[in-house]
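*Asks:* Numbering (the working numbering), first residue to last: 6 to 242.
Glycine included, every Cβ here is placed at the ideal spot set by N, Cα and C.
Pasting a structure below so you can have a look.
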Ligand code: C5P
């Protein structure tokens with residue numbers, strides 16, 4: 006795995022329909038306290054210029070576009086994302102070993118590269134859903150199988166539920182990066198997340214980095230909420 010600084014461990018998910026409210030939030034945050042995640046909605050609406058705006062403000066950006074295509078296309082997309090100067094990108098492990106290896110090879114040709122992590126099984130899918138698309142076994146078994154394939158393909162780690170983190174950590178070892186959404190401070194609303202863990206529990210369970218959206222973005226005091234989260238995980242800084 007690339008030599009990485011895990012701090013700050015919080016990645017704030019910017020899920021807004023327009024640039025203005027996102028930039029208003031970002032103006033009140035601090036790159037020493039968080040990284041930022043830009044997903045499909047904001048990127049599709051606002052494009053690379055929005056990402057460059059965030060990096061120009063000193064933030065490290067996780068570009069969450071979950072690439073899934075033939076190896077050459079995904080490798081080219083990863084190269085284009087790297088050209089934007091982002092810190093982390095992702096793809097679907099179900100695109101297969103050759104897709105993942107080709108993407109990683111393309112990134113490793115660069116003097117500096119973003120971290121590359123994989124999504125195994127979307128947490129919106131249950132056992133019946135994955136059976137319907139042709140996967141055998143349980144979601145938990147598929148997560149582990151795809152996590153192993155991701156590691157064998159040379160990627161830096163995976164995005165997973167904090168509840169899956171301890172088992173993946175046991176199987177894949179200390180150097181495999183685990184990025185976990187579905188994290189809620191004890192005092193925050195669960196929103197539409199069904200199975201959540203507190204930031205401290207997630208890190209104790211093996212997570213390295215925490216994707217946290219609404220507990221910060223919907224807070225009346227985003228910086229204060231972020232500081233409270235940081236204080237709760239001070240043991241890991
Ligand atoms: O607001 P909240 O903390 O729920 O935001 C979590 C972020 O992580 C959102 O951008 C969501 O799309 C993303 N995510 C997730 N669960 C997954 C994968 C990604 O919540 N399994």
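Three-state secondary structure (DSSP) at residue 144?
*Replies:* In the structure shown, residue 144 sits in a helix (DSSP, three-state: H, G or I).
*Asks:* Return the CA-CA distance between residue 25 and residue 102, expressed in angstroms with no decimal places.
*Replies:* So the two alpha carbons sit approximately 39 Å from each other.
*Asks:* By the three-class DSSP mapping on this structure, what secondary structure does residue 242 have?
*Replies:* Residue 242: coil per DSSP, three-state reduction.
*Asks:* Residue 16: buried (16+ other C-beta within 10 angstroms of its C-beta) or exposed?
*Replies:* Buried, because 16 or more other Cβ atoms sit within 10 Å of the Cβ of residue 16.
*Asks:* Nearest to residue 176 by alpha carbon, out of 200, 193, 131 and 148?
*Replies:* For residue 176, the nearest C-alpha among the options comes from 148.
*Asks:* Please determine, among 105, 64, 212 and 137, the residue with the shortest C-alpha to C-alpha distance to residue 41.
*Replies:* Nearest C-alpha to residue 41: 64.
*Asks:* Anyone know if the C-beta pair for residue 38 and residue 72 falls short of 9 Å?
*Replies:* Not a contact, by the Cβ cut-off of 9 Å.
*Asks:* Examine the ligand NAD and report whether any of its heavy atoms sits within less than 8 Å of the Cβ of residue 199.
*Replies:* Looking at this structure, you won't find the ligand NAD anywhere; what it does contain is the ligand C5P.
*Asks:* Please give me, in chain order, every unbroken run of the alpha helix (DSSP H) with length at least 4 that falls completely inside the stretch 115 to 169.
*Replies:* Complete alpha helix (DSSP H) runs here, min 4: 132 to 137 and 144 to 157.
*Asks:* For the putative contact between residue 195 and residue 201, defined by C-beta atoms under 8 Å, what is the C-beta separation to the nearest angstrom?
*Replies:* Indeed they touch by this definition, with Cβ atoms about 5 Å apart.
*Asks:* Can you grab the Cα-Cα spacing for the pair residue 74 / residue 98, in whole Å?
*Replies:* Using only the alpha carbons, I get a separation of about 11 Å.
*Asks:* Would residue 119 pass as a contact of residue 68 if the rule is Cβ separation under 9 Å?
*Replies:* It is a contact, given that the beta carbons lie within the stated cut-off.
*Asks:* With respect to 8 Å, is the separation between the Cβ of residue 50 and the closest non-hydrogen atom of the ligand C5P below this value?
*Replies:* Outside the cutoff, so no.
*Asks:* Taking the straight line between their C-alpha atoms, what separation do you get for residue 9 and residue 142?
*Replies:* Straight-line Cα distance between these residues: approximately 34 Å.
*Asks:* What do you reckon, are the CB atoms on residue 244 and residue 121 nearer than 9 Å?
*Replies:* Past the boundaries of the shown model lies residue 244; the chain is included only from 6 to 242, so the question cannot be answered.
*Asks:* With residue 40 as the anchor, note down where its alpha helix (DSSP H) starts and where it stops.
*Replies:* Not the alpha helix (DSSP H): residue 40 falls in the beta strand (DSSP E), residues 40 to 43.
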